[in-house]
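Encoded as structure tokens, the structure appears first; notes follow it.
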Amino acid sequence: MALITIFTTPKPFTNPQIATIQRNALANWQALGPDVAVIVLGDEAGAAEAAAEFGALHLPEVARNQEGTPLISDLFNQARQHADSPLLAYVNADILLLPDFVETARQVANQCKNFLVVGQRWDLDVTEPLVFESGWDEALRQRAQQLAKLHPPAGSDYFIFPREAYHEMPKFAIGRAGWDNWMIYHARRKGWATVDATQDIFIIHQNHDYSHLPNGQPHYKLPETFENIRRAGGRMITRFLLTDCSEQIEKGQIVRKPLTWKRFWREVEIFPLVGLHSRGLGWLSYAIFHPRNAYREAREWLTARSDLNSHNTIRSNNKES
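Heads up: the sequence shown begins at 1256 in the numbering used here, then just goes up one per residue.
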């Protein structure tokens, strides 16, 4: 039985650059050995063939939103149903992993019952198919250390957690902003060990453009991102970043994150949300620390509410007439 099941939903393999990147990722995950099982979800072009080539379980049917984008909640539920490993990991289909991914997951599981593991990535230009022969891990690490750049702690490309976690999730669209922030918020709110593994897990993101997205726009500019933010509970929740992890792992040991002045005030800000579980007090704290953002979001909420009331009034009048 595998220790950890990696699950993902790829983009269509029709774009040559995207196809190369995703095939590299699947080949890389296969090279991690018997402790890792892989599930590929979705019926995008080329997904079934790639899954079969690299020994992954393929689950073609996934729930989608009106735009046809897969829903995170269904991906997580299906992975849980079909995996027999104690740990699950959602990983973006453009990410390369090293053996420290598996070993760190094992170390965290030995020290904690309930947890979420996340971390920063290294951005690297990869344009060619990669071969994972003997010594591939050290060669890949050296290449990334020489050429890659550490991505800011503003996004998450992998999530490691026990299979019992995250049973209930909003219907987020995959590949759009907001849901990864909610993952960290939810773990903090539940009181789980929320572990920043940047020091111990070295992951590599294969750079690509946004030509696969509508109008070639970055994901954070798409309407589905704003819907993700709404489903998460607003910007006060989707501001949770990797810097909001409560712990970090260093050389295999989980320790509390150092308390700087900046971190102290951030903990004060989010305490009503994660400590008191109060959305009302959370909004008040958010407004105190981020008055401009709170004002803008309040106006957007009032506008949306007014539009909804007007729509309901029109429908009611039409029925009466």
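Positions of the beta carbon are idealized from the N, C-alpha and C atoms, including for glycine.
Bear in mind the structure is a predicted one, so any value in this text is a computation, not a measurement.
Three-state class that DSSP yields for residue i in the structure shown
i: W1212; result: Lying before the first or after the last residue shown, residue 1212 is absent from the chain, which here runs from 1256 to 1576.
i: F1414; result: strand
i: K1404; result: strand
i: I1350; result: strand
i: R1521; result: helix
i: A1428; result: strand
i: A1542; result: helix
i: L1477; result: coil
i: L1497; result: helix
i: T1453; result: coil
i: M1491; result: coil
i: T1275; result: helix
i: N1270; result: coil
i: G1535; result: helix
i: A1549; result: helix
i: Y1440; result: helix
i: E1419; result: coil
i: A1282; result: helix
i: H1566; result: For H1566, the pLDDT reaches just 45, beneath the cut-off of 50, and the residue's location in the model is therefore unreliable, leaving the point undetermined.
Nearest candidate by alpha-carbon position, reference residue i, set the options
i: C1367; options: I1294, G1489, A1448 and L1353; result: A1448
i: G1374; options: A1344, A1257 and Y1413; result: Y1413
i: E1423; options: G1410, E1322, R1431 and M1438; result: M1438
i: T1260; options: P1513, F1416, A1432 and Y1541; result: F1416
i: T1581; options: I1429, Q1461 and P1354; result: Here the chain comprises residues numbered 1256 to 1576, so residue 1581 is not present and cannot be evaluated.
Bridge-paired residues (DSSP) for residue i
i: Y1345; result: F1262 and F1414
i: H1337; result: According to DSSP, H1337 bridges with nothing at all.
i: H1460; result: I1350 and D1378
i: V1510; result: Q1503
i: V1291; result: I1259
Per-residue burial, residue i [other beta carbons within 10 Å of its own, 16 or more giving buried]
i: V1386; result: exposed
i: G1297; result: buried
i: T1382; result: exposed
i: F1519; result: exposed
i: I1504; result: buried
i: V1293; result: buried
i: V1291; result: buried
i: Y1421; result: buried
i: E1419; result: exposed
i: E1316; result: exposed
i: Q1587; result: For residue 1587 there is no data in the structure shown, the boundaries of the chain being 1256 and 1576.
i: I1543; result: exposed
i: P1527; result: buried
i: R1551; result: exposed
i: T1264; result: buried
i: M1491; result: buried
i: G1288; result: exposed
i: L1531; result: exposed
Checklist entry - Unbroken beta strand (DSSP E) runs of length 3 or more, entirely within the stretch 1352-1398: which are they? => result Unbroken beta strand (DSSP E) stretches of 3 residues or longer found wholly inside the stretch 1352-1398: 1370-1373 and 1376-1379, given in chain order.
Item to check | Entirely enclosed beta strand (DSSP E) segments - the stretch 1294-1337, minimum 3 residues | outcome: 1312-1314
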